[in-house]
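These notes concern the structure reproduced below.
There are 2 protein chains.
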Amino acid sequence: MRAPSRVVFGRGSASRLPSALEIPERRAFLVSSPTVLRLHGDVLRSALAPRPVVEIEMDDGEPAKTFATLGTILDRAIGAGVRRDDYLIAAGGGVVTDVAGLAASILLRGVAWYAVPTTLVGMADAAIGGKTAVDHPLGKNLIGTFHAPSGVLIDPELLSTLPARRFREGIVEIFKTLLVARPEAARRMAGGLEATAANREIDAALEEAIAAKVEIVARDPRDAGERRTLNFGHTLGHAIEASGGFDRWTHGEAVALGMAAALRLSAAREGFPEGDADALVSELVRFGGGLAGGAPEWSERLERALGLDKKGTSGAPVAILLSDWGRPVVRPVEPAAWRSALESLRA
Amino acid sequence: MRAPSRVVFGRGSASRLPSALEIPERRAFLVSSPTVLRLHGDVLRSALAPRPVVEIEMDDGEPAKTFATLGTILDRAIGAGVRRDDYLIAAGGGVVTDVAGLAASILLRGVAWYAVPTTLVGMADAAIGGKTAVDHPLGKNLIGTFHAPSGVLIDPELLSTLPARRFREGIVEIFKTLLVARPEAARRMAGGLEATAANREIDAALEEAIAAKVEIVARDPRDAGERRTLNFGHTLGHAIEASGGFDRWTHGEAVALGMAAALRLSAAREGFPEGDADALVSELVRFGGGLAGGAPEWSERLERALGLDKKGTSGAPVAILLSDWGRPVVRPVEPAAWRSALESLRA
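In order, the protein sequences belong to chains A and B.
Under numbering that gives the first Met the number 0, the very last position in the first sequence is 346; numbers go up by exactly one each time.
Under numbering that gives the first Met the number 0, the very last position in the second sequence is 346; numbers go up by exactly one each time.
Here is the structure:
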């Protein structure tokens, strides 16, 4: 684990990438997707000039997040003669930064890397905190490391080309972080998720969510305690996402539904204010309904996916609940409780 | 990087594996080779009882040290439902411990592992210090991590079944470590390499080499400074090994020749005592001659392999020389100097 990342936030900062992150004046290994290179490649290349740039393309999107893709990136970097003092730059969504970060952590026993997230989820969550990963056929993120990027550049202007459904995912992750760690900012955002999706005025909330995550990660880089509170909504969310084959609900939509179910349990068991929970649940279910237009029915597939969530150790399954805005607690939650909370979302 | 490893040394200690290393009373994931399981599997299984044991087999030997083998180990562990508080045990030579250690470091972002080296090289060197790796078609150990085992068990009785040529490899690595870091012990061992290969009385030298390596690794776990002195003999050694297709000279034989060449340069440039160097060079060339019966001629292939050595960064190539017994220095060494040193070994 390296030192915590430098995180630079600013509209238009992508054009100042090397000075903003103090990137060495050496050849750059740029890992990115064809889409991102088409949309933002010129900005990145001219920012990096006169450095030679080795471009390593990978598809974005969950199906590309595989051990085989990791192998391809390693092959390309080694084939181009990467050395210990070289570095990767990952420009793309969470899949690109997760896979490129893992490649950086195992190339020559670890080379430096920099992250330029181009999606709102990447900016708010995926690129911050040093978790790297690829998926395995039996579960998401089962192979990975902790390997913090040396620097993360957040340029909200890169979001101008982001499709609406991807933008909505980011709104959910931002709202989640604020609900867990920045209660005042969460209250300001509550009730306005749809409006934010429409007007895309996200900079202030995004910057606050990043600051909150950076603080929590600094206190718990290895995800052994407090950092797990950022999994709020994710235990059931991951299972919902998997149960819908990763397309009926996006990650963000599934997490919104997972947050709604966790808020129901929080109100019933932990004293989260009842009226606030009702309002948040109905907003989150509307916002996260996805192609199915709402929460799924309970199913065996969903229950099995809950059991495979890697966050668990061999003890009882635990989840994050809230005793109040900004007050997360870690509690055992049995599948039957998830089931009734989920079913209440369909009422 | 975890805390430094506990290293337990003792004849017969394999039968007390769990208590010696304080292995958790949970299911064990045992990564090993068919040969090691045939020779030592019963001892390990009965030591681990009543823990259930998931056996994950991989071939030993350099050709198995691949990204594909790594993928197979990950598949097997994930398929058996490995969780964050599970652990691997790697029992075998350096290839098994290197690959299993890498698997442990990227499974679920890192699970614990324990090493039970069964070769002399593994005991003296490979299993100590937390370097993990697989090879790439373009070079050895190009993919890996630093992920120290929680415990290492050294039981010299496991060596009773080790073939002679493998035993000789270990003698070279032990002598190398002593020459760099334990001058008195190195003087005791010098002149007796062949005798040690015959009588196999290695316990005292092995224990001292392990203690020396543990100390150096504790001061420089990430191989950023002092630890590199343990690469003495390895810069040219790796190139010789590759130039012979990994069978004319074993790793240990190639390192013995690399040490001989480095001693020539040490005497010529750094003041290493001339007479001592002459005696050591002739002993090492005899001892490390391998199937070719001596050192190789200089070749383009060898020069290319020198350039690919991953230890280098983009600056001038450096190597470890000795200004005296136990006094390593890091110096730039140009290929022409290696060439004449190597040619002098054939005189």
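Every residue gets a Cβ at the ideal spot worked out from N, C-alpha and C, and that includes glycine.
Everything numeric in this text was worked out from a predicted model, so none of it was measured.
Under the Cβ distance rule, T144 of chain A counts among the residues neighbouring chain B, one pair being separated by less than 8 Å. Restricting attention to beta strand (DSSP E) runs no shorter than 3 residues, the region 83-110 of chain A encloses them at 86-91, ordered along the chain. Residues of the same chain with a CB within less than 7 Å of the CB of E206 of chain A, apart from the 5 flanking positions on each side, are F8 in chain order.
Contact of G128 of chain B with chain A is not assigned, every C-beta pair being separated by 8 Å or more. Residue contact check for L47 of chain A against chain B: no CB pair falls below 8 Å.
When 7 Å is used as the limit between beta carbons, L301 of chain A is near no residue of chain B, the shortest such separation being about 19 Å. Short of 7 Å from the beta carbon of L101 of chain B, and not among the five residues preceding or following it, lie these beta carbons of its own chain, in chain order: L69, T131, A132, V133, G143 and T144. Under the three-state reduction of DSSP output, F28 of chain A falls in the strand class.
Taking a cut-off of 8 Å for Cβ pairs, the region 189-197 of chain A and the region 277-287 of chain A touch, as three or more such pairs fall below it. Taking every protein chain shown into account, the CB of N198 of chain A has fewer than 16 other CB atoms within 10 angstroms, so this residue is exposed.
Chain B has no Cβ within less than 8 Å of the Cβ of F286 of chain A.
When Cβ-Cβ separations below 8 Å define contact, G109 of chain B makes contact with chain A.
The residues L119, in chain order, have a CB closer than 6 Å to that of F166 of chain B in the same chain once the five nearest residues on each side in sequence are set aside.
Contact of F28 of chain B with chain A by beta-carbon distance below 7 Å is absent, the smallest such distance being about 13 Å. A distance below 8 Å separates the beta carbons of S265 of chain A and L320 of chain A. Judged by their CB atoms, E61 of chain B and L36 of chain B are not nearer to each other than the 8 Å cut-off. DSSP, reduced to helix, strand and coil, places T131 of chain A within a strand of the structure shown. Here G244 of chain A is exposed, its C-beta having fewer than 16 other C-beta atoms within 10 Å. For V332 of chain B, no alpha helix (DSSP H) run applies, since DSSP gives it neither H nor E. For L229 of chain B, no CB of chain A lies under 8 Å from its own CB, so it is not counted at the interface with that chain. W112 of chain A is bridged by DSSP to A:L87. Between the alpha carbons of T117 of chain B and L158 of chain B lies a gap of roughly 6 Å. Closest option to R227 of chain A, judged by alpha-carbon separation, among A:A208, A:G274, A:M188 and A:V179: A:V179. For K175 of chain A, the uninterrupted alpha helix (DSSP H) segment begins and ends at A163 to A180. E299 of chain A sits exposed, since fewer than 16 C-beta atoms from the chains shown fall within 10 Å of its C-beta. Collapsing the DSSP output to three states places S322 of chain B in a strand. Scanning chain A for C-beta atoms nearer than 7 Å to the C-beta of S14 of chain B yields nothing, as the closest lies near 27 Å away. F66, A67, L69 and G70: these are the residues of the region 49-70 of chain B whose beta carbon lies less than 9 Å from some beta carbon of chain A, given in chain order.
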